[in-house]
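Q:
Given below as structure tokens:
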């Protein structure tokens with residue numbers, strides 16, 4: 019039953035990306051917008067609390083961020099990191115080739131960027147908590163860009179392992195309150211240690227660029243995005259996706 023659920027979801031996404039790529043692109047933009055809402059909430063809470071209690075600010079940031087994935091699952095849209103998990107099941111089962119799903123991933127990745135960059139740009143331009151937000155963003159991005167490549171890659175792997183576990187919970191559970199609570203707790207598991215989510219980072223870098231202009235290193239941003247994205251792909255499609263597939267794949271019937 020679990021396999022049929024995942025394969026049906028994957029094939030629906032694949033067919034939509036092939037037959038109606040514009041609709042799939044819009045769904046990807048909307049997922050970026052939803053994740054942008056969580057980004058705005060998390061950063062606003064952190065800025066309000068950081069001067070009073072640094073640990074409370076970190077916990078509030080992590081606790082609020084899960085609302086983004088909850089909205090995406092409940093309302094329906096296309097998040098790149100989640101699709102790295104779901105859409106690998108027909109590949110593992112040899113219904114699709116890996117190259118077949120790459121265009122879908124590309125559309126989703128670009129759409130997510132458009133959505134989250136747009137809403138984060140508008141948030142910064144609104145001037146809310148202007149000086150405090152700018153300083154906080156500068157500190158966050160400075161820390162992000164002072165990275166060890168291998169550590170960043172591993173953080174990307176761990177991040178999407180956790181995100182995709184949360185998304186799988188969202189697919190399986192039917193009761194909405196239970197689904198919401200468990201997903202938010204699971205997402206908090208990747209945010210609090212500082213693991214790296216490539217799409218969320220698009221929002222952080224977009225806000226920082228809008229607020230601070232060219233003072234950030236674009237080569238550093240590019241390398242950061244590359245390593246976190248590759249880590250996210252492996253975390254969702256292999257570290258979680260492969261063992262789940264081996265666990266739930268249909269048994270071969272003897273002729």
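In this note's numbering, the protein residues as written are 19 to 273.
Using N, Cα and C, we set each Cβ at its ideal position, and we do this for glycine too.
None of these values were measured; they are calculated from a predicted model.
1. Closest to residue 167 by CA distance: which of 234, 72, 243 is it?
2. Residue 184 and residue 107 look like a contact to me (Cβ under 8 Å); what is the Cβ gap, rounded to whole Å?
3. Specify the secondary structure class of residue 160 as computed by DSSP and reduced to three states.
4. Would you mind sorting residue 197 into buried or exposed? The rule is 16 or more other CB atoms within 10 Å of its CB.
5. Given a cut-off of 9 Å on the beta-carbon distance, is the pair residue 137 and residue 51 in contact?
6. Using DSSP with H/G/I as helix, E/B as strand and the rest coil, what is residue 30?
7. Report the three-state DSSP secondary structure of residue 192 (helix, strand or coil).
8. Assess contact between the segment 254-273 and the segment 117-134, defined as three or more Cβ pairs (one per stretch) separated by less than 8 Å. Is contact present?
9. Give the DSSP-derived three-state secondary structure of residue 94 in the structure shown.
10. By how many angstroms is the C-alpha of residue 105 removed from the C-alpha of residue 23?
11. Pull up the CB-CB distance for residue 202 and residue 85, whole angstroms please, since I reckon it's below 8 Å.
12. Is it the case that the segment 62-79 contacts the segment 90-104, given that we only count it when at least three CB pairs across the two stretches are under 8 Å?
13. Could you check the C-alpha separation between residue 32 and residue 101 for me, to the nearest Å?
A: According to the data block:
1. If we check each option's Cα against that of residue 167, 243 comes out closest.
2. No, residue 184 and residue 107 are not in contact; Cβ-Cβ is about 17 Å, not under 8 Å.
3. When secondary structure is reduced to three states using DSSP, residue 160 falls in the helix class.
4. The Cβ neighbour count for residue 197, taken over all protein chains shown within 10 Å, is at least 16; the residue is labelled buried.
5. In contact: residue 137 and residue 51 (Cβ atoms closer than 9 Å).
6. In the three-state reduction of the DSSP assignment, residue 30 falls in the helix class.
7. When DSSP states are grouped into helix, strand and coil, residue 192 belongs to the coil group.
8. Not touching, per the Cβ criterion.
9. Three-state DSSP puts residue 94 in coil, outside helix and strand.
10. The straight-line gap from Cα to Cα measures roughly 12 Å.
11. Between residue 85 and residue 202 the Cβ distance is about 7 Å, and since that is below 8 Å, they are a contact.
12. The count of Cβ pairs closer than 8 Å, one atom from the segment 90-104 and one from the segment 62-79, stays below three, leaving the stretches out of contact.
13. Rounded to the nearest angstrom, the two C-alpha atoms are 10 Å apart.
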